[in-house]
Amino acid sequence: MSALEIREHVPLAPLTTLGVGGAARWFVEALDEAAVIAANAWARARGVSLRVLGGGSNVVVADAGVDALVVHLGLRGVDSRTAGGAVEVTAAAGEPWDSLVRTTVERGWAGLECLSGIPGLVGATPIQNVGAYGQEVSDTVAAVRALDTHSGQIATLPAAECGFAYRDSAFKRDTPGRWVVLAVTYRLRPGGAPTLGYADVARHLAQQGVVVPTLGDVRQAVLAIRRGKSMVLDVPGDPNRRSCGSFFLNPILDEGAAAAAAARSAEASMPRWPQPDGRVKLSAAWLIEHAGFARGERAGPVGLSSRHTLAIVAHDGARTGDVLAFARRLQDGVQARFGVRLTREPVFWGEE
Ligand SMILES: Cc1cc2nc3c(=O)[nH]c(=O)nc-3n(C[C@H](O)[C@H](O)[C@H](O)COP(=O)(O)OP(=O)(O)OC[C@H]3O[C@@H](n4cnc5c(N)ncnc54)[C@H](O)[C@@H]3O)c2cc1C
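Each residue of the sequence shown is one higher than the last, beginning at 63 in my numbering.
Next up, the structure:
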């Protein structure tokens, strides 16, 4: 078991992709499960709350910092086994997500290829049911191994108990902070065809002259499209680099509310996607643009990405307060124009 080295007042901004916010009151690196269990016991014995930090790509830390023990997860290891006609890949929570996706694509295991280029670590993927370009991890998650911080016990939760929904799960919605994900098992299809559920990807492949795309072709197409939107963090010097990706969820409304929003639009073309439960999903990016905000628009040291309407970018000198004030301006603008309140996607740590 690794010794628990608890540090105090550790700045969190450098550990997040947005790069703003204060320090963790307490901080520990956990390289194995025993360290996570010990950190939880340490926090519980002192009545201190526990926060888990992965790659910091979906978290906004308050300027005043966070009064908690922040556990930075570094658990590594990937295993695979065949199970019937499938392959089950189990990755530790601290594995970099995109490395796992690349490996599965190289091995010809279908199921994660559209999720190429998403920053962060494996352990966070079930938390908001990470998704992009026609796939979500809930399509392939078979089980989640997690520490129940309340009981101190480790449990293996089948997908049915994870309560997955659009950018949501029971971990995020029902009992936030209760479970520390230690490893995730994905059930993939060896030799399976890639998912082609997204028009942008199909168009990109057609432009490249790819008729029967492989998993690798789809991965490369997704990476290229994402790079064009500054949605891959591998371009040094990209002025849109410091973000959390999409800052707002696409609103899902009941039919009446969606119709009311559409009625307030002068254009008949408001994008609307009917959902299986009868509700209707709207495009947060479309609402922001049609409420009068433009890509690249700045409010002091923060602004909208010049390549992606949903990304709020922090520039030099930005503070979390600037990010939140700008986010509220966008929310207020959309609400005034369409009567729809946008919900933030990233998790906020600290007092607002
Ligand atoms: C440029 C960019 C593009 C993005 N594109 C997408 C996209 O296409 N689709 C998408 O869904 N998301 C996207 N995101 C958001 C983000 O990358 C994902 O949500 C990612 O899964 C977060 O991983 P992380 O390790 O960085 O989590 P963190 O930011 O460290 O944590 C996020 C939340 O999850 C919790 N958490 C993290 N790890 C664990 C764990 N092991 N156990 C329990 N709780 C945990 C944290 O406590 C926190 O509440 C994007 C972000 C950026 C910056």
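Glycine included, every Cβ here is placed at the ideal spot set by N, Cα and C.
None of the values given here were measured: they were computed from a predicted structure.
Residue j beta carbon less than 7 Å from that of residue i
i, j, result
"V402", "A323", "yes"
"R87", "D141", "no"
"A232", "G239", "no"
"L219", "A194", "no"
"V242", "V114", "yes"
"S126", "G84", "A quick correction: the sequence has Ala, not Ser, at residue 126. It is a contact, given that the beta carbons lie within the stated cut-off."
"V203", "A217", "no"
"L135", "V110", "no"
"V179", "V294", "In the sequence under discussion, the amino acid at residue 179 is Gly, which differs from the Val named in the question. Cβ distance < 7 Å, so G179 and V294 count as in contact."
"V167", "G278", "yes"
"L112", "A105", "yes"
"Q190", "R143", "no"
"V280", "E175", "yes"
Helix, strand or coil at residue i according to DSSP, with G and I counted as helix
i, result
"G179", "coil"
"D230", "strand"
"V192", "coil"
"A286", "helix"
"Q397", "helix"
"S213", "coil"
"A328", "coil"
"L93", "coil"
"P252", "strand"
"V409", "strand"
"M63", "Here M63 scores only 48 on pLDDT, less than 50, and its place in the model is too uncertain to base an answer on."
"Q270", "coil"
"S119", "coil"
"P298", "coil"
"R207", "strand"
"S200", "helix"
"T382", "helix"
Distance, residue j Cα to residue i Cα
i, j, result
"G185", "A101", "17 Å"
"G156", "F309", "24 Å"
"E329", "L386", "30 Å"
"E351", "D262", "20 Å"
"W348", "R406", "16 Å"
"A319", "F400", "10 Å"
"I314", "L66", "43 Å"
"V151", "L162", "9 Å"
"L80", "P188", "21 Å"
"D257", "G196", "Note that residue 257 corresponds to Thr in the displayed sequence, not to Asp. Looking at the two C-alpha atoms, the distance is approximately 7 Å."
"D300", "S292", "7 Å"
"I287", "E359", "22 Å"
"T276", "G383", "45 Å"
"P73", "V123", "10 Å"
"A361", "G379", "12 Å"
"V98", "P158", "18 Å"
"V121", "P408", "5 Å"
"D210", "R249", "23 Å"
"A75", "P336", "39 Å"
"V82", "R108", "28 Å"
"G117", "R164", "17 Å"
"F410", "L285", "28 Å"
"A389", "Q397", "12 Å"
"L311", "R235", "14 Å"
"A154", "D201", "19 Å"
"M63", "A245", "In this predicted model, M63 has a pLDDT of only 48, less than 50, meaning its place in the structure is not dependable; the value taken from the coordinates is given anyway. M63 and A245: Cα-Cα distance of roughly 18 Å."
"E414", "D394", "17 Å"
"G365", "I374", "6 Å"
"G290", "R369", "7 Å"
"T237", "V272", "45 Å"
"L4", "A264", "The chain is shown from 63 up to 414; residue 4 falls before or after that span and cannot be answered."
"Q269", "Y260", "15 Å"
Option in the options with minimal Cα separation from residue i
i, options, result
"L267", "G253, G254, Q282", "Q282"
"L77", "F89, D160, E67, I68", "F89"
"D94", "G383, A75, R138", "R138"
"S367", "N302, G290, R334", "N302"
"R251", "R69, A172, N191, T165", "A172"
"L372", "S345, D394, G395, P363", "S345"
"A376", "C306, E70, Q190, V199", "C306"
"A321", "F388, L183, R334", "R334"
"S327", "P338, N312, R304, G354", "G354"
"G340", "D316, T247, M332, G146", "D316"
"P363", "V274, R381, R369, V192", "R381"
"V133", "A92, K343, H370", "A92"
"G182", "G146, A227, S119", "S119"
"V192", "R69, A96, A227, H71", "A227"
"A145", "T247, S213, S331, A325", "T247"
**Continuous beta strand (DSSP E) assignments of at least 3 residues falling wholly in the stretch 331-368** = 334-336, 342-344, 364-366
**Request:** Give, in chain order, every unbroken run of the alpha helix (DSSP H) that is at least 4 residues long and sits entirely within the stretch 126-176.
**Result:** 159-168
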